[in-house]
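Each residue of the sequence shown is one higher than the last, beginning at 125 in the working numbering. We treat Cβ as the ideally placed atom computed from N, Cα and C, and that holds for glycine. Since the model is a prediction, treat every value here as computed from it, not as a measurement.
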Amino acid sequence: MSAKIKYTFIKDAKGNILSGITSLYKAQGWLDKEDTSEKLVKIIYGSAAFLIAENQEGRIIGMARAIGDGISDAYMQDITVAKEFRGQGIGTELVIRLKKHLESLGYSWIGLIAQDNSQPFYMKAGFKQIMSAAPMMSDKSHV
Ligand SMILES: CC(C)(COP(=O)(O)OP(=O)(O)OC[C@H]1O[C@@H](n2cnc3c(N)ncnc32)[C@H](O)[C@@H]1OP(=O)(O)O)[C@@H](O)C(=O)NCCC(=O)NCCS
């Protein structure tokens with residue numbers, strides 16, 4: 125783990141932080157072309173928790189968030205690290221910190237969908253596969 129990374133839970137974002145988060149979403153192809161910064165601000169505000177990783181130059185290099193009901197169940201999603209900073213433990217740190225934070229808020233069920241065969245990554249951060257279940261989404265949704 126790099127000691128020079130700052131991890132912060134945020135409830136709103138503007139300026140550099142908002143543009144950094146926007147870049148991470150865009151790099152992953154997680155924004156539709158009609159999506160606006162205002163939508164991202166609402167996503168951040170509406171999340172049960174939104175965690176960012178910032179390097180010493182103030183660049184937002186990673187993020188992870190969770191949606192939840194405030195008391196019981198939460199799903200983690202939008203977990204990513206900027207390509208040039210991968211492989212340094214930042215992704216694992218984001219997942220572990222977000223999971224601990226959700227547990228401290230009282231969430232007793234925390235799930236996620238491991239895309240692109242990323243199960244080994246999540247298993248190292250304290251998750252296990254549900255062998256008897258398959259992730260599903262509505263017919264109008266896309267990954
Ligand atoms: C997945 C991701 C967040 C990992 O970030 P990172 O900072 O590189 O992760 P770490 O450095 O903490 O890696 C921890 C370990 O998981 C492994 N790992 C990382 N991504 C992996 C993947 N997609 N599949 C399998 N293993 C993976 C690493 O090789 C590393 O293994 P090691 O400890 O044996 O060296 C990053 O690769 C990413 O942003 N990917 C694109 C978005 C994505 O796939 N998100 C997750 C799926 S929803």
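The closest heavy atom of ligand 1 lies less than 7 Å from the beta carbon of D240. Proximity to T204 across M187, G213, Q243 peaks at M187, based on C-alpha coordinates. Remark: three or more beta-carbon pairs, one from each stretch, lie closer than 8 Å, so the region 233-246 and the region 193-203 are flagged as touching. With a cut-off of 7 Å, the C-beta of T160 is classified as distant from ligand 1, since no heavy atom of the ligand falls inside that distance.
Beta bridge pairing from DSSP links Y199 with I191, G235.
Leaving aside the five residues that flank I185 on each side, the residues in its chain whose CB is nearer than 6 Å to its CB run, in chain order, A177, N179, A206, F209.
Looking at the DSSP output, Y169 shares a beta bridge with no other residue.
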